[in-house]
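Colleague:
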Amino acid sequence: MNHFAPVALDVARIRQDFPILTQTVRGKPLVFLDSAASAQKPRAVIDAMVTAMETQYANVHRGLHWMSERTTEAYEATRDDVARLLNAADRAEIVFVRNSTEAINLVAYSYGRGVLKPGQAVLISAMEHHSNIVPWQMLRDERGIELRVAPITDAGELDMAAFELLLADGKVGLVAITHMSNVLGTYTPAARIVQIAHAHGAKVLLDGSQAVVHRRVDVQALGCDFYAFTGHKLYGPTGIGVLWARRELLEAMPPFMGGGDMISSVSYERSTWAAVPHKFEAGTPAILEGIGLGAAIHYVEAIGYDAIAAHEQALTEHAILRLSAIDGLTILGHAQDRGGVVSFTLANAHAHDVATLLDRSGIAVRAGHHCAEPLMHRFGIESTARASFAIYTTPAEIDFLADALVRVREFFA
Ligand SMILES: *Cc1c(COP(=O)(O)O)cnc(C)c1O
């Protein structure tokens with residue numbers, strides 16, 4: 071493939087780091103094109119968690135004994151890793167949560183109920199994941215906070231003129247928007263969104279669940295106020311995610327959950343809260359998962375975002391070229407600035423049937439509404455199939471997908 075430019079990333083070597091990829095399924099080599107739903111884990115992450123369990127494990131933050139101190143160090147080191155990953159100004163701005171969903175819910179509960187006032191509005195976009203829709207609906211219904219939705223174009227880009235118009239009356243207190251769509255692959259112009267929102271007095275939350283996997287994120291350069299991501303899509307374990315927020319915002323926000331580890335003192339009359347970020351981390355945290363996330367971040371940093379972004383850009387261009395040449399196949403979303411997820415429909419075939427037939431060739435893709443039902447409705451469809459790419463994806467796998475889709479197409483012709 072001469073249009074597939076060689077890049078600095080050594081995919082063959084990277085694939086050796088992922089034990090699961092050596093498997094065959096249904097007698098065929100596994101072609102895993104569903105990393106946008108959850109990524110596979112490198113040996114480094116698996117080993118970090120196993121080693122912790124075998125050699126260095128106790129509860130964190132409270133023990134005065136050796137084991138607890140070592141475990142606390144290992145777990146808290148991940149907070150520094152995340153701060154470096156996002157270029158946060160302060161490690162205390164990193165709140166550990168379970169996943170992006172919990173990060174966004176934390177903001178909806180704590181900032182939404184504690185700081186926003188009835189009559190104010192939250193502005194989202196028409197390409198949000200359910201986890202960046204439903205918490206705001208719940209807030210609207212409970213607190214009389216209006217929910218506004220900025221439209222997108224047919225290409226799947228945010229309609230910037232409409233977006234700005236929705237901010238014009240100054241009522242929007244918070245813009246909550248994806249940094250990269252999990253369905254369309256679109257990168258939103260986050261820095262520009264922040265500029266416009268701030269000019270109208272609104273804070274900005276970016277849902278970075280997809281973006282942080284594929285590109286370097288610098289929250290200070292973006293200028294945003296909240297950034298959420300989930301560990302399991304960044305080659306880390308499930309059960310650990312991150313909310314980054316500006317320190318002064320976290321300090322102004324009431325706690326989300328009450329319990330151990332988040333207090334400074336407790337009596338029956340009154341309790342006082344621990345300093346940030348611990349004020350938002352009630353109960354025993356996901357210790358092993360936190361340690362695993364640290365290993366994932368080190369792994370990604372060692373490869374480097376320049377190589378990752380270049381590799382995935384080349385894969386995406388290759389996929390669009392191959393897939394759009396298939397008769398009856400329609401790709402959803404044609405944003406100028408896009409990343410490695412490609413959603414498509416095939417004429418006369420339901421997305422679930424497409425996925426089932428691909429599975430017979432050992433190819434794993436996602437099919438359905440991708441937790442974005444309103445986005446599906448925006449395009450007048452119910453579902454798509456989606457292939458998504460990761461650091462371990464090869465151009466040969468995309469060719470394999472394209473060839474299999476031609477056979478699927480013939481089946482339904
Ligand atoms: C996956 C995803 C989420 C939710 O992540 P969880 O780990 O399920 O909480 C939110 N937004 C986007 C854009 C996603 O891709």
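For the sequence shown, position 138 matches number 208 in my numbering, and the numbering has no gaps at all. Where a beta carbon is used, it is the ideal one built from N, C-alpha and C, also for glycine. Model, not experiment: these values are computed from the prediction.
At which residue ranges does the segment 356 to 412 contain complete alpha helix (DSSP H) runs of 4 or more residues, listed in the order of the chain?
Modeller: 357 to 373 and 375 to 394
Colleague: Alpha carbon to alpha carbon, how far is Phe447 from His135?
Modeller: Translated into positions along the sequence shown, residue 447 becomes position 377. Translated into positions along the sequence shown, residue 135 becomes position 65. According to the sequence displayed, residue 447 carries His and not Phe. Distance between the alpha carbons of His447 and His135 is about 56 Å.
Colleague: Determine the extent of the alpha helix (DSSP H) in which Leu340 is found, giving its start and end residues.
Modeller: By one-based count along the sequence shown, residue 340 stands at place 270. In the sequence under discussion, the amino acid at residue 340 is Arg, which differs from the Leu named in the question. From DSSP, Arg340 is part of no alpha helix (DSSP H); its letter is neither H nor E.
Colleague: To the nearest angstrom, report how far apart Ala405 and Ser279 are at their CA atoms.
Modeller: As a position in the sequence shown, residue 405 is number 335, starting the count at 1. As a position in the sequence shown, residue 279 is number 209, starting the count at 1. Their Cα atoms are separated by approximately 18 Å.
Colleague: Beta strand (DSSP E) containing Tyr297: first to last residue?
Modeller: Sequence index remark: in the sequence shown, residue 297 carries index 227 (1-based). Start and end: Phe296 to Thr300.
Colleague: Looking at the structure shown, is Ala75 part of a helix, part of a strand, or coil, going by DSSP?
Modeller: Taking the first residue of the sequence shown as position 1, residue 75 is located at position 5. Any reading at Ala75 must be qualified, since the residue scores a pLDDT of 48, below 50, and its modelled position is unreliable; the value itself is stated next. Three-state DSSP puts Ala75 in coil, outside helix and strand.
Colleague: Mind checking Glu321: buried by the 16 CB within 10 Å criterion, or exposed?
Modeller: Sequence index remark: in the sequence shown, residue 321 carries index 251 (1-based). By the 10 Å Cβ count, Glu321 comes out exposed.
Colleague: What is the rounded straight-line gap between the Cα of Asp87 and the Cα of Arg113?
Modeller: Mapped onto the sequence shown, residue 87 falls at position 17. Mapped onto the sequence shown, residue 113 falls at position 43. Near 5 Å, if we compare the C-alpha coordinates of Arg113 and Asp87.
Colleague: Using the Cβ count rule (16 or more neighbours within 10 Å means buried), how would you classify Asp295?
Modeller: Counted from its first residue, the sequence shown places residue 295 at position 225. When all chains shown are included, Asp295 counts as buried.
Colleague: With a threshold of 7 Å (Cβ to nearest heavy atom), would Gly362 be considered close to ligand 1?
Modeller: Here residue 362 refers to the residue found at position 292 of the sequence shown. Checking the Cβ of Gly362 against ligand 1 gives no.
Colleague: Nearest CA to the CA of Val289: which residue from Leu445, Val152 and Ser105?
Modeller: Translated into the one-based positions of the sequence shown, residue 289 becomes position 219. With distances taken between Cα atoms, Val289 lies closest to Val152.
Colleague: Nearest to His131 by CA position, among Ala238, Ser334 and Val81, is which residue?
Modeller: For the purposes of this step, residue 131 is identified with residue 61 of the sequence shown, where counting begins at 1. When each option's Cα is compared against that of His131, the closest is Ser334.
Colleague: Suppose the cutoff is 8 Å on Cβ atoms and the five residues either side in sequence are ignored; what does the same chain contact list for Asp239 look like?
Modeller: Taking the sequence shown and counting its residues from 1, one reaches residue 239 at position 169. For Asp239, where only same-chain residues beyond five positions count, there are no Cβ hits under 8 Å.
Colleague: At what residues does the alpha helix (DSSP H) containing Leu237 begin and finish?
Modeller: Within the sequence shown, the letter at position 167 stands for residue 237. Unbroken alpha helix (DSSP H) run through Leu237: Met230 to Leu237.
Colleague: I'd like to know whether the C-beta atoms of Tyr305 and Val177 end up nearer to each other than 8 Å.
Modeller: Within the sequence shown, residue 305 is the residue found at index 235, counting from 1. Within the sequence shown, residue 177 is the residue found at index 107, counting from 1. Result no, Cβ atoms of Tyr305 and Val177 do not sit closer than 8 Å.
Colleague: Below 8 Å on the Cβ atoms is my guess for Gly413 versus Gly403; work out the distance and round it to an integer in Å.
Modeller: The sequence position of residue 413 within the sequence shown is 343, counting from 1. The sequence position of residue 403 within the sequence shown is 333, counting from 1. One point to set straight first is that residue 413 is Ser, not Gly, in the sequence displayed. Correct: roughly 6 Å between the Cβ atoms.
Colleague: With DSSP run on the structure shown, which of helix, strand or coil describes Lys241?
Modeller: Taking the first residue of the sequence shown as 1, we reach residue 241 at position 171. When secondary structure is reduced to three states using DSSP, Lys241 falls in the coil class, being assigned neither helix nor strand.
Colleague: Can you find the residues in the same chain that come closer than 8 Å, C-beta to C-beta, to Glu163, ignoring five residues on each side of it along the sequence?
Modeller: Here residue 163 refers to the residue found at position 93 of the sequence shown. These residues qualify, in order along the chain: Ala153, Trp314, Ala315, Arg316, Arg317, Leu320, Val346 and Pro347.
Colleague: Do the segment 467 to 482 and the segment 421 to 430 make contact, defined as three or more Cβ pairs closer than 8 Å?
Modeller: yes
Colleague: Does at least one heavy atom of ligand 1 sit under 7 Å from the Cβ of Asn418?
Modeller: Locating residue 418 in the sequence shown gives position 348, where the first residue counts as 1. No, since every heavy atom of ligand 1 falls outside the 7 Å radius drawn around the Cβ of Asn418.
Colleague: Just the C-alpha distance for Met123 and Arg168, rounded to the nearest angstrom, thanks.
Modeller: Stepping through the sequence shown from its first residue, residue 123 is reached at position 53. Stepping through the sequence shown from its first residue, residue 168 is reached at position 98. Distance between the alpha carbons of Met123 and Arg168: 20 Å.
Colleague: For Leu385 and Ala261, what's the separation of their Cα atoms in angstroms?
Modeller: In the sequence shown, residue 385 corresponds to position 315, counting from 1. In the sequence shown, residue 261 corresponds to position 191, counting from 1. Leu385 and Ala261: Cα-Cα distance of roughly 26 Å.
Colleague: Between which two residues does the alpha helix (DSSP H) carrying Ile222 extend?
Modeller: Translated into positions along the sequence shown, residue 222 becomes position 152. First-last for Ile222: undefined, no H or E at that position.
Colleague: Confirm, please, whether the CB-CB distance from Gly243 to Ala191 is below 8 Å.
Modeller: What you label residue 191 is simply residue 121 of the sequence shown in a count that begins at 1. What you label residue 243 is simply residue 173 of the sequence shown in a count that begins at 1. Yes; because the gap between Cβ atoms is below 8 Å, this pair is in contact.
Colleague: CB of Gln110 to nearest heavy atom of ligand 3: below 7 Å?
Modeller: Ligand 3 is absent from the structure shown, which contains only ligand 1.
Colleague: So if DSSP puts Pro99 in a beta bridge, which residue, or which two residues, is it bridged to?
Modeller: For the purposes of this step, residue 99 is identified with residue 29 of the sequence shown, where counting begins at 1. Paired residue(s): Thr94.
Colleague: What does the alpha-carbon distance come out to for the pair Phe74 and His284?
Modeller: Against the sequence shown, residue 74 aligns to sequence position 4. Against the sequence shown, residue 284 aligns to sequence position 214. Caution applies to Phe74, whose pLDDT of 46 falls short of 50 and renders its modelled position unreliable; the value that the coordinates give is listed next. So the alpha carbons of these two residues sit roughly 18 Å apart.
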